[in-house]
Amino acid sequence: MKTKRKSISYAKWGYIFILPFFVSFFIFSFIPLADTIRYSFFEYYRSGIKEIGPNFVGMENYKSLLQSDMLRYAGNTLILWLIGFIPQIGIALLLAAWFADSRLKIHGEQFFKVVIYLPNLIMASAFAMLFFTLFSTNGPINGILMSMGLLKQPIDFMGSVFGTRSLVGLMNFLMWFGNTTIMLMAAIMGISVDIFEAAELDGCNSLQKFYFITLPMIRPILAYTLINSIIGGLQMFDVPQILTNGQGSPDRTSMTLIMFLNSHLKSRNYGMAGALSVYLFIVSGILCFFVYRMTNNNDPYGSKAAAKKAKK
Numbered sequence: 177m178k179t180k181r182k183s184i185s186y187a188k189w190g191y192i193f194i195l196p197f198f199v200s201f202f203i204f205s206f207i208p209l210a211d212t213i214r215y216s217f218f219e220y221y222r223s224g225i226k227e228i229g230p231n232f233v234g235m236e237n238y239k240s241l242l243q244s245d246m247l248r249y250a251g252n253t254l255i256l257w258l259i260g261f262i263p264q265i266g267i268a269l270l271l272a273a274w275f276a277d278s279r280l281k282i283h284g285e286q287f288f289k290v291v292i293y294l295p296n297l298i299m300a301s302a303f304a305m306l307f308f309t310l311f312s313t314n315g316p317i318n319g320i321l322m323s324m325g326l327l328k329q330p331i332d333f334m335g336s337v338f339g340t341r342s343l344v345g346l347m348n349f350l351m352w353f354g355n356t357t358i359m360l361m362a363a364i365m366g367i368s369v370d371i372f373e374a375a376e377l378d379g380c381n382s383l384q385k386f387y388f389i390t391l392p393m394i395r396p397i398l399a400y401t402l403i404n405s406i407i408g409g410l411q412m413f414d415v416p417q418i419l420t421n422g423q424g425s426p427d428r429t430s431m432t433l434i435m436f437l438n439s440h441l442k443s444r445n446y447g448m449a450g451a452l453s454v455y456l457f458i459v460s461g462i463l464c465f466f467v468y469r470m471t472n473n474n475d476p477y478g479s480k481a482a483a484k485k486a487k488k
């Protein structure tokens, strides 16, 4: 007589283990997000000790933002992001390719990895205060340049548009290029050595190997890096906030979207702050979608393209 064996299902334990994440996400992320969207359709602010609202105004907050300086601040945010990101991705790719190349035999490789990653561990506020002290009118940079006879009078770095934006971009570059280098290095080291050896036998030089093998093979990590950088750029706040004392000086050319959002929160205009948050959410989603579509290739080895050509 055959006995029936009981089938044990462990699926429930998986659901139990992931339940805390969904509960915490629902409480601390989803509910505040839904509340922010709800507030964006209401007039809700304080004037002195008097509280106005919440009064439903529909799309008026969104229209008011489009008529304000929001687009100008969006341009500032884009410029500050580009100044920091372009050298960041370029130098990170170069360093990652060097460190991952076993033929170079770089001495003290682990030491250099630690050094380039260290700025990422420093708080952005501390970094901004350091640069504010270094590049102030009476700071060490001006003092050294004047003592060397290169300057007759100190440069007001924070008093010019170029100087302020350059400092913000430099700080963002220094804080994040180490993290990007480590990620790209891990991606390059995951490529099989046999592919590079086969390319060398076919007569490929270093640039050809980098362009035709390395870049296509690390495309997913590049997409992740770019999307992370875009989201971080749209959320840029602490560095320009501290460096310009929240004024976005000179003449609000360093005012970012999140600094603009913070000014609404400071004045307790929750309706406008909610509408601006929704705008940022939509823009982030659109940009990330386009980046993913541009960097994602469904046919990395060209087999589908070759099949299409064969049919023709």
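In this text, residue positions in the sequence shown follow the working numbering: the first is 177, and each later residue adds one. Even glycine gets a Cβ: it sits at the ideal position worked out from N, Cα and C.
For residue i, the three-state DSSP class (helix, strand or coil)
| i | result |
| --- | --- |
| residue 194 | helix |
| residue 186 | coil |
| residue 414 | helix |
| residue 425 | coil |
| residue 448 | helix |
| residue 314 | coil |
| residue 443 | coil |
| residue 369 | helix |
| residue 472 | coil |
| residue 258 | helix |
| residue 384 | helix |
| residue 479 | For residue 479, the pLDDT reaches just 45, beneath the cut-off of 50, and the residue's location in the model is therefore unreliable, although a value from the coordinates is still provided. Helix, per DSSP. |
| residue 205 | helix |
| residue 390 | helix |
| residue 330 | coil |
| residue 177 | With a pLDDT of only 49 at residue 177, under the threshold of 50, the placement of this residue in the model should not be trusted, and no figure is reported. |
Residues that DSSP places opposite residue i in a beta bridge
| i | result |
| --- | --- |
| residue 228 | 221 |
Residue i versus residue j - alpha carbon distance
| i | j | result |
| --- | --- | --- |
| residue 198 | residue 377 | 52 Å |
| residue 253 | residue 409 | 7 Å |
| residue 290 | residue 358 | 10 Å |
| residue 463 | residue 450 | 20 Å |
| residue 509 | residue 383 | The displayed coordinates of the chain run from 177 to 488. Any statement about residue 509 would go beyond what the structure contains. |
| residue 235 | residue 299 | 38 Å |
| residue 226 | residue 364 | 59 Å |
| residue 360 | residue 272 | 6 Å |
| residue 281 | residue 469 | 37 Å |
| residue 210 | residue 277 | 48 Å |
| residue 436 | residue 394 | 36 Å |
| residue 304 | residue 265 | 21 Å |
| residue 353 | residue 418 | 21 Å |
| residue 330 | residue 406 | 35 Å |
| residue 343 | residue 306 | 11 Å |
| residue 315 | residue 309 | 6 Å |
| residue 372 | residue 379 | 11 Å |
| residue 322 | residue 368 | 53 Å |
| residue 402 | residue 465 | 11 Å |
| residue 459 | residue 433 | 12 Å |
Residue nearest to residue i in terms of C-alpha spacing, selected from the options
| i | options | result |
| --- | --- | --- |
| residue 222 | 471, 442, 384 | 442 |
| residue 293 | 220, 313, 304, 268 | 268 |
| residue 240 | 207, 284, 218, 258 | 218 |
| residue 349 | 205, 259, 453, 316 | 259 |
| residue 313 | 336, 297, 414 | 336 |
| residue 288 | 420, 355, 238 | 355 |
| residue 301 | 415, 430, 186 | 415 |
| residue 370 | 351, 390, 457 | 390 |
| residue 457 | 188, 216, 362, 325 | 216 |
Any chain C beta carbon closer than 8 Å to residue i
| i | result |
| --- | --- |
| residue 247 | Protein chains in the displayed structure number just one, and chain C is not present. |
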